[in-house]
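Residues are numbered in the numbering used here as their position in the sequence shown, beginning at 1, plus a constant of 158.
Backbone N, C-alpha and C fix where the C-beta goes; we use that ideal spot for every residue, glycine too.
This report concerns only the one structure given below.
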Amino acid sequence: MTTRIRDVLDVLETAYPPSFAESWDAVGLVCGDPDATVRRVLCCVDPVEETVEAAVEQGAQLLVSHHPLLLRGVHALPADDSKGRLLHRLIRSGIGLYCAHTNADTAKPGVSDALAARLGLTVTGPLSPHREGAETGLGRIGTLPEPEPFEEFVRRVAEALPTTSWGARGAGDPRRLVERVAVCGGSGDSHLETAAAAGVDAYVTADLRHHPAAEHLARADVPGVSVPNLVDVAHWASEWPWCEQAADILGGALPDTVEVLVSSCRTDPWTVHAHGTATESGRKPE
């Protein structure tokens, strides 16, 4: 039985409906012939040099990525441009590129379901539903099997996700018991208020900024106000579990003649982590 790119797209777009994508997003088939035969698919977070090279080396006919290659409009894609070079390489190698971004963020199951599963959470619903009562939407709320101190929970997060220089950083009382947790794969500091309103003990996301995080935690000093502790992880690491989810969905729907792989490329841009030797006063010890 011959499987074509359009058959793979049918599965992806059933799981991650393009109608769920934000209006500013760029999802769908970026390059490739929908009628081309597919024998191998590679799933990744980022369509970058490393993952394109992996697709070529592994003999894939389709690269499925979470992040778009062309999020903003362009007027030219010459081969000496970084993105143009990738697109030319894909086309020359006969590899299609398909992107599922904010539609994969909000689908059920979606990016945050994959993150929650990695952390051992039982999902009870979305953090920010598409509409009241909907099971789709951004983020997920879930519960741990047993409450555990926050410092243990931060270690749980670090051990569950791929290792990065960024690691997992916790903010809040290390001894606070954590049972009910909100997660949002990718950049999630715009949902700090939503996480606080949900009454969770901890909120796991990526790309937390200094001021929003500090202002969020400062509200814990207000009588009668409870805010969740925060766990900040690398953007790439928070979304990588989705690759396994997408691969499982494709593998379960496509014929055995199609092999679906998950990229092992670590495409997090941060490569070095260092601790300085300055004291709390800012002066280095002599």
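Anticipated Cβ contact below 8 Å, residue i with residue j, distance rounded
i      : j      : result
LEU375 : GLN216 : Going by Cβ atoms, the distance from LEU375 to GLN216 rounds to 44 Å, so no, they are not a contact pair.
GLY300 : LEU279 : 3 Å
CYS202 : SER348 : Not really, about 25 Å apart at Cβ, beyond 8 Å.
TYR256 : GLY186 : 7 Å
ASP183 : THR425 : 19 Å between Cβ atoms; not a contact.
ILE253 : LEU220 : 7 Å
VAL281 : ALA274 : 5 Å
GLU397 : HIS224 : 6 Å
Boundaries of the alpha helix (DSSP H) in which residue i is found, first to last residue
i      : result
THR260 : 260–264
VAL196 : Segment: none, VAL196 is in no alpha helix (DSSP H) and carries neither H nor E.
TRP210 : Per the sequence presented here, residue 210 reads as Val, with Trp not at that position. Looking at the DSSP string, the run of the alpha helix (DSSP H) that includes VAL210 is 207–215.
GLU309 : 308–318
Terminal residues of the beta strand (DSSP E) in which residue i lies
i      : result
ASP406 : Taken as a continuous stretch (DSSP letters only), ASP406 belongs to no beta strand (DSSP E), being part of the alpha helix (DSSP H) at 399–411.
ALA364 : 360–364
ASP150 : Any answer about residue 150 is impossible in this case: the structure gives the chain only from 159 up to 444.
LEU221 : 220–223
ALA329 : 326–329
Member of the options whose CA lies at the smallest distance from the CA of residue i
i      : options                           : result
TRP400 : ALA318, PRO267, LEU228 and GLU317 : PRO267
LEU245 : GLU290, CYS189 and LEU200         : CYS189
ASN387 : ALA234, GLY231 and PHE311         : PHE311
ALA356 : PRO287, ASN261 and PRO381         : PRO287
ASP390 : PRO370, VAL380 and ASP204         : PRO370
ASP193 : TRP394, PHE178 and ARG164         : ARG164
PRO175 : PRO303, ALA258, VAL380 and ASP359 : ALA258
Residues that DSSP places opposite residue i in a beta bridge
i      : result
ARG162 : THR195
VAL420 : CYS201
PRO284 : ARG298
Inset, instruction - Inspect the CB distances between the stretch 409–416 and the stretch 348–367 and report whether three or more fall short of 8 Å. - result: no
Legend entry - Given 8 Å, three or more beta-carbon pairs between the stretch 208–222 and the stretch 315–323: With the cut-off at 8 Å, the stretch 208–222 and the stretch 315–323 do not touch.
Inset, instruction - Report yes or no: do three or more beta-carbon pairs, one from the stretch 321–339 and one from the stretch 256–271, lie closer than 8 Å? - result: no
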